[in-house]
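*Asks:* In this note's numbering, the protein residues as written are 5 to 736. In this text, a Cβ means the ideal position worked out from N, Cα and C, and glycines have one as well. Computed from a predicted structure; not experimentally measured. Quick one: the structure is below, and I'll ask about it shortly.
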Amino acid sequence: MMYMRMAFVPLLLFLTVPAVVKASTENEGISADVGLNNMTRAGHWNPVTLHLPKALVELPTRYVAVEAMDPDGQWLRSPLVRPVSINDTRWSASLLVKLGSRNTTIRAVVIDQENPDTRSVASPQEQVIESTILRIPQPLESNQEILLLLGDLVNAKRVSRLAAREDGSRMLVISPNPETSSIPVSPVFGPAGLMFDGVDKAIICGNAIEQGISDEQLLQLDAWIRQGGDLLFMAGMSLPSALSASPVIESWLPGTFDRMIPLRRAAALETYARANRPLARRALETLQIPIFDDPADIDGIIEASVGSAENDPPLVVRRAYGFGQITWIGVDLDTQTFRSWSGTDSLLLNLLDIQNSGDSDGRAGEVRRGGLDLAGQLRLAIDHFIGVSVIPFELIALIGLLYVCAIYPLDWWIARRSERFRWVTWLALPLIVLGFTGITWSTSQQFKADGWQIHTAGLFDIDQATQTCRASSFAGIWASSNGQFDLSVSPVEATMENDLHSVVSWFAAAGRNIGGPDALAPHASLAGAPYHYGPAASELQDISIAAASSQLFEANWIGRLPTDPIQSTLGRTGQGTLRGTLTSQLPTPLQDCVLMHAGWLYNVGTLHPGETFDLDAGRGPQSLGAFLTKKRAVKDRNVSARWKSDDQDILRILEVAGMHRATGGPEYTGLRSGRLENIDMTRLLVLNRIILVGKGPPATKWMPQKKAESKGDDFKNAGDTTLWRIVLEVRN
5 MMYMRMAFVP LLLFLTVPAV VKASTENEGI SADVGLNNMT RAGHWNPVTL
55 HLPKALVELP TRYVAVEAMD PDGQWLRSPL VRPVSINDTR WSASLLVKLG
105 SRNTTIRAVV IDQENPDTRS VASPQEQVIE STILRIPQPL ESNQEILLLL
155 GDLVNAKRVS RLAAREDGSR MLVISPNPET SSIPVSPVFG PAGLMFDGVD
205 KAIICGNAIE QGISDEQLLQ LDAWIRQGGD LLFMAGMSLP SALSASPVIE
255 SWLPGTFDRM IPLRRAAALE TYARANRPLA RRALETLQIP IFDDPADIDG
305 IIEASVGSAE NDPPLVVRRA YGFGQITWIG VDLDTQTFRS WSGTDSLLLN
355 LLDIQNSGDS DGRAGEVRRG GLDLAGQLRL AIDHFIGVSV IPFELIALIG
405 LLYVCAIYPL DWWIARRSER FRWVTWLALP LIVLGFTGIT WSTSQQFKAD
455 GWQIHTAGLF DIDQATQTCR ASSFAGIWAS SNGQFDLSVS PVEATMENDL
505 HSVVSWFAAA GRNIGGPDAL APHASLAGAP YHYGPAASEL QDISIAAASS
555 QLFEANWIGR LPTDPIQSTL GRTGQGTLRG TLTSQLPTPL QDCVLMHAGW
605 LYNVGTLHPG ETFDLDAGRG PQSLGAFLTK KRAVKDRNVS ARWKSDDQDI
655 LRILEVAGMH RATGGPEYTG LRSGRLENID MTRLLVLNRI ILVGKGPPAT
705 KWMPQKKAES KGDDFKNAGD TTLWRIVLEV RN
C-alpha cells in the first residue's frame, strides 16, 4: 500500500503541473510598462503602457483602464481607452495614472461596454472581462525630485551628488531607454505633457535624438516645457543629424540653424564652467559649434559666447519657452572629450542652475522632507467654509468632564439620598446619557453649517508671445450629510479657441502627513467607495463623501487665446528699468495690479478694460524681494515679515508660491513648494519677460452635481480667489 502511494504522488504532480502552468500563462496575458524607466512618483501622474493579447481586446466593444488608490484608500478608475493593434498578436494602450500612495497597487481592467459613448458610466451593460494587478517596481516619494536624462551623459549622476542638500537628499537621475516608436497617450487624459508630471528638470542630448527618439515622446516633452518645465538641450556637432531625425526640436533652438564652424577658442566655455583645467588642445581641433542665420537676433539671454564681440557665435543661451525655460549649449557634453574634462561637472551645475538653488534648510533647519509645504498650506487654507469651524478642545473637555461628574458623584449622590427612592437612579442614568447626547449634538451643529459648500482658488496664466494660457485651480467641497456627487471642470472664458484640454484629480495633503501620498498607511475614508472618471479626465463621477467632512481637488487646463490680452510698448532703459505703456484688452478688470521684471516691481493699481497705464506716470520701481517679503524699516535696518505656516490668506500664499525663488525660497518661508513648484515664474523675470500680476475673476468653472439620492440644496459658494498673471515680452 505504501508503494502505491509513492507511485501515486508523482502521477498526481504530473497531472497538476500542466494546469498550473496554463493558469500562470493566462495571468501573464496582460503586461505593462509602468512609470519612467520603471520608476513612479507618488502624488503625480505616471505613464502606463498596457500590452494585451489580441484575443482579449480585438472586439470593438472592449476598452481598457487602470485603477489606483487615492490617499484615502478609495479606488479611482481612469477614463476608458480603446487599444490599438501593434502586430498580429499584441495590442497596446497608453494611459496615465495618479498614485495616491507609494505603497499602492495598480490594476489593469478590460471592460466590455456596448455603448462607447457612455463607456465610462457604470451601468448594467458594463462587464469586467479581466482585472490584473500590476507591480510597481520602484515607487518614489512625492517629494523626491527627478532629473530626466535622455542620452548617455555619465556626468549627470555625479552632478546630482554634488548638488545634494544639507539633509542628504538629492535629485534622482532617471535615464529611460529612447523609444524609436511609442503609442500616443489618449487625448481623454487632458493636457499633453502629463506623462512628465513627476519630472523637475530634463536633459536631452542631440546624439540621443540622432540615434532615435520618437516624435511622440519629443512632443510630450515639448508640451511639458511650455507648461513650466526646465530643459537643458545639448546639441553641438550632433545638431544637423538631430534636426534631420526630428524637426520637432527646431523650436528649441534660439535661432535658425545655418551651418557648423570650428571652435578655435574655448576660453569662454572654461570661464563659464569655472574650470581649474583647460580643455585639451587635441579636443579643440575636432570640435565644431553651430551658428545661426542672424546672430544679432538670438532669442534669449546669451550667457557665454565664443568671443567678446557682440556678434560672436553664442555657446550658451537661456530663454523662455512658454511658461518654461530652455537652456541650449552648442557642444555635446556626452562625448569622450567632455567626459574626461574636470570642468564638465561645474559646467553642468551652472547649466542646470542647481549650484545655488537656495534650497538649504533655512530658518534654523525648519525645512523637513515629508512635512508641510506651500501646497499643503494652500490646501489647509482652502479647506475652510462658511459657518464651519473646529470645535475647541476646551469645550470638548468641559462636556466630557461634566458627563463624568453627572454619572459620579451626581448619580451616586441621588442613589444614596434615600433607600426608598434608589430606583430613581435607573431613570436618572438614561436621562443623563440622553441629555449629554443632545448637548453634544447641538454643540456640533453650532460649528457645522447645514448644506453643501464649495470653496475655490487658483491661478490663471497667459503667455502673450504664444497666446497660450493655463489654469491651475483648487477646490474644497464640504458636505453636511452623507451623499454622492459628480465633479467636472471647464474654462470660464468662452472666447477661447477649441483646443482646450482639462484634467481634474484629488488634492492630497503634503508628504508624510495624514492623508498624504507618503503616509505609511492610507487615510481611512469615512465614505470609502470606488469612483471613476467620466468620458474624459475633466469629469469625476460617483464620488462618495461622509457627513460633516470635506474633500479637496485640483484641476489644470490649457488653451489658446485668439487675441492678445495686453497691448504693450514696455521696453528696458539703459539702467535696467522699464518704460512705456500697456493697454488692457481684457473683458474684465484686474485689481491691485503690479508689474514685475528682473528684481523690480511697479505698482499699477486697478486696470480696467481699455485703460492705458504709463510707467512714467507711476511712482517708480521698488525692490521685488522687499515687496514679496513685506520688508519694513525697524530702527536702522530692514526686516522681512516672518512667514507664518498657519496663515490662511489664500491670495498671499498664491503670491509667494508664484515667486517663491524671488522671496528667497525655503530660507524665507521655511517650506518647499511641493506641487506648486511649476507655478513659480521667478526664472522668467531675467529672460526678457515682464509679468503683470493682478486679482481677477475665476478662470475655471467648477461644476459639482449631487446625485439624486443625496439630500439638500445645491452647492453654496464659499468664496473664490484667483490670481491672474500675464507674461509679456520686453521690447528692445
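1) Pick out whichever of Thr667, Arg641 and Val394 has its Cα sitting closest to the Cα of glycine 603.
2) To the nearest angstrom, report how far apart arginine 269 and glycine 311 are at their CA atoms.
3) Buried or exposed: which applies to threonine 726, given that a residue is buried once 16 or more other Cβ atoms fall within 10 Å of its Cβ?
4) In this structure, what does DSSP give as the bridge partners for threonine 136?
5) Which parts of the region 383–422 are runs of the alpha helix (DSSP H), unbroken and 4 residues or longer, counting only runs that do not cross its ends?
6) Report, in whole angstroms, the separation of the C-beta atoms of phenylalanine 557 and valine 508, which I expect to be a contact under 8 Å.
7) Below 8 Å on the Cβ atoms is my contact criterion, and I expect proline 266 with glutamine 292 to pass it. Report the Cβ-Cβ distance as a whole number of Å.
8) With burial defined as no fewer than 16 other Cβ atoms inside 10 Å of the residue's Cβ, what is the status of lysine 711: buried or exposed?
9) Out of Phe193, Val335, Leu382 and Pro534, point me to the one whose CA is closest to phenylalanine 511's CA.
10) Examine the Cβ distances between the region 238–254 and the region 177–189 and report whether three or more of them are shorter than 8 Å.
11) Quick one: what's lysine 639 bridged to in DSSP?
12) Does serine 190 pass the burial test, meaning 16 or more other C-beta atoms within 10 Å, or should it be called exposed?
13) Given this structure, state the Cα-to-Cα distance separating alanine 126 from isoleucine 133, to the nearest angstrom.
14) Just to check my reading of the structure: phenylalanine 237 and aspartate 262 have Cβ atoms closer than 8 Å, yes? What is that Cβ distance to the nearest angstrom?
15) Note down the Cα distance separating valine 392 from threonine 444, rounded to an integer number of angstroms.
16) Comparing alpha-carbon positions, which option in Leu378, Ile395 and Leu273 lies nearest tryptophan 345?
17) Answer yes or no: the CB of leucine 198 versus the heavy atoms of the ligand ZN, is any distance below 7 Å?
18) Going by the DSSP bridge assignment, what does leucine 632 pair with across the sheet?
19) Which residue's Cα is closest to the Cα of histidine 601: Arg693, Val114, Val493 and Gly334?
20) Over the uninterrupted alpha helix (DSSP H) stretch that includes proline 670, give me the two end residues.
21) Drop a sphere of 10 angstroms on the beta-carbon of glutamate 118, count the other beta-carbons inside from all chains shown, and report buried for 16 or more, exposed for fewer.
22) May I ask you to report which of helix, strand or coil DSSP gives histidine 48?
23) My understanding is that valine 163 touches alanine 112, with C-beta atoms under 8 Å, so please give their C-beta distance in whole angstroms.
24) With distances taken Cα to Cα, identify the nearest neighbour of valine 437 among Tyr407, Ser179 and Val335.
25) Please state whether DSSP places valine 690 in a helix, a strand or coil.
26) Which residues in the same chain have their Cβ closer than 7 Å to the Cβ of aspartate 74, if we skip the five residues on either side of it in sequence?
27) Where does tyrosine 535 land, buried or exposed, given buried means 16+ other C-beta within 10 angstroms?
28) If I measure Cβ to Cβ from serine 146 and keep anything under 6 Å in the same chain, skipping five residues before and after, which residues do I get?
29) Please tell me whether isoleucine 386 and phenylalanine 489 are closer than 8 Å, where the distance is taken between their beta carbons.
30) Does the beta-carbon of isoleucine 400 have 16 or more other beta-carbons within 10 angstroms, so that it is buried, or is it exposed?
31) Would you kindly work out how many angstroms separate the C-alpha atoms of alanine 737 and tryptophan 332, rounded to a whole number?
32) Apart from the five residues on each side of it in sequence, which residues of its chain come closer than 8 Å, Cβ to Cβ, to serine 250?
33) With contact counted as at least three CB pairs below 8 Å, one residue from each stretch, are the region 314–333 and the region 278–287 in contact?
34) Using a 10 Å radius around the Cβ and a threshold of 16 neighbouring Cβ atoms, would you call tyrosine 606 buried or exposed?
35) Distance, Cα to Cα, alanine 461 vs leucine 378?
36) Since I believe proline 593 is in contact with threonine 577 (beta carbons under 8 Å), could you give me their beta-carbon distance rounded to a whole number of angstroms?
*Replies:* From the atom records:
1) For this step, residue 603 is matched to residue 599 along the sequence shown. Checking every option, the nearest Cα to that of glycine 603 belongs to Thr667.
2) On the sequence shown, position 265 is the one that residue 269 refers to. On the sequence shown, position 307 is the one that residue 311 refers to. Approximately 8 Å, taken between the alpha carbons.
3) Within the sequence shown, residue 726 is the residue found at index 722, counting from 1. With 16 or more Cβ atoms within 10 Å of its Cβ, threonine 726 is classed as buried.
4) The count along the sequence shown starts at 1 and reaches residue 136 at position 132. Partner(s): Ala112.
5) 397–409 and 416–421
6) For the purposes of this step, residue 557 is taken as residue 553 along the sequence shown, with counting starting at 1. For the purposes of this step, residue 508 is taken as residue 504 along the sequence shown, with counting starting at 1. Correct: roughly 6 Å between the Cβ atoms.
7) The count along the sequence shown starts at 1 and reaches residue 266 at position 262. The count along the sequence shown starts at 1 and reaches residue 292 at position 288. The Cβ separation is near 5 Å, so the contact holds.
8) Locating residue 711 in the sequence shown gives position 707, counting from the first residue. Answer is exposed; the Cβ neighbour count stays below 16.
9) Stepping through the sequence shown from its first residue, residue 511 is reached at position 507. Closest by alpha carbon: Leu382.
10) no
11) To locate residue 639, count along the sequence shown from 1; it is residue 635. Looking at the DSSP assignment, lysine 639 forms no beta bridge with any residue, so it has no partner.
12) As a working mapping, residue 190 is identified with position 186 in the sequence shown. Serine 190 should be labelled buried.
13) Within the sequence shown, numbered from 1, the residue matching residue 126 stands at position 122. Within the sequence shown, numbered from 1, the residue matching residue 133 stands at position 129. At alanine 126 the pLDDT is 49, less than 50, meaning the model places this residue with poor confidence; the figure from the coordinates comes in the next sentence. If I take the Cα positions, the gap works out to 14 Å.
14) The residue given as residue 237 occupies position 233 in the sequence shown. The residue given as residue 262 occupies position 258 in the sequence shown. Wrong, their Cβ atoms sit about 18 Å apart, outside the cutoff.
15) Taking the sequence shown and counting its residues from 1, the one referred to as residue 392 is at position 388. Taking the sequence shown and counting its residues from 1, the one referred to as residue 444 is at position 440. The alpha-carbon atoms of valine 392 and threonine 444 are separated by roughly 16 Å.
16) For the purposes of this step, residue 345 is taken as residue 341 along the sequence shown, with counting starting at 1. Measuring from the Cα of tryptophan 345, the nearest candidate turns out to be Leu273.
17) As far as ligands go, the structure on display features none, and thus does not contain the ligand ZN.
18) Reading the sequence shown from its first residue, position 628 is the one you call residue 632. Looking at the DSSP assignment, leucine 632 forms no beta bridge with any residue, so it has no partner.
19) In the sequence shown, the residue the question calls residue 601 occupies position 597. Ranking Arg693, Val114, Val493 and Gly334 by Cα distance to histidine 601 puts Arg693 first.
20) Reading the sequence shown from its first residue, position 666 is the one you call residue 670. Element bounds for proline 670: 670–673.
21) In the sequence shown, the residue the question calls residue 118 occupies position 114. With fewer than 16 Cβ atoms within 10 Å of its Cβ, glutamate 118 is classed as exposed.
22) Position 44 of the sequence shown, counted from the start, is the residue given in the question as residue 48. Coil.
23) Counting from 1 along the sequence shown, the entry for residue 163 is found at position 159. Counting from 1 along the sequence shown, the entry for residue 112 is found at position 108. Rounded, the Cβ-Cβ distance is 37 Å, inconsistent with contact.
24) Here residue 437 is taken as the residue at index 433 of the sequence shown, counted from 1. Of Tyr407, Ser179 and Val335, the residue nearest in Cα terms is Tyr407.
25) Along the sequence shown, read from residue 1 onward, the residue named residue 690 stands at position 686. Residue state, collapsed to three classes: helix.
26) Here the question's residue 74 lines up with position 70 in the sequence shown. If we look at aspartate 74 and ignore the five residues flanking it on each side, its Cβ neighbours are Leu80, Gly104 and Trp510.
27) For the purposes of this step, residue 535 is taken as residue 531 along the sequence shown, with counting starting at 1. Burial call: buried.
28) Taking the sequence shown and counting its residues from 1, the one referred to as residue 146 is at position 142. Closer than 6 Å at Cβ, skipping near neighbours: Ala46, Gly47, Pro521 and Asp522.
29) Locating residue 386 in the sequence shown gives position 382, counting from the first residue. Locating residue 489 in the sequence shown gives position 485, counting from the first residue. It is not a contact, given that the beta carbons lie outside the stated cut-off.
30) The residue given as residue 400 occupies position 396 in the sequence shown. The residue is exposed, with fewer than 16 neighbouring Cβ atoms inside 10 Å.
31) Outside the shown range of the chain (5 to 736) lies residue 737, about which nothing can therefore be said.
32) Position 246 of the sequence shown, counted from the start, is the residue given in the question as residue 250. If we look at serine 250 and ignore the five residues flanking it on each side, its Cβ neighbours are Ile213, Ile217, Asp219 and Leu222.
33) no
34) On the sequence shown, residue 606 is found 602 positions in, with the first residue counted as 1. Looking at its Cβ environment, which holds 16 or more other Cβ atoms inside 10 Å, tyrosine 606 is buried.
35) Walking along the sequence shown from the start, residue 461 turns up at place 457. Walking along the sequence shown from the start, residue 378 turns up at place 374. Cα-Cα distance, rounded: 14 Å.
36) Here residue 577 is taken as the residue at index 573 of the sequence shown, counted from 1. Here residue 593 is taken as the residue at index 589 of the sequence shown, counted from 1. Their Cβ separation, rounded to whole angstroms, is 29 Å, which puts threonine 577 and proline 593 out of contact at 8 Å.
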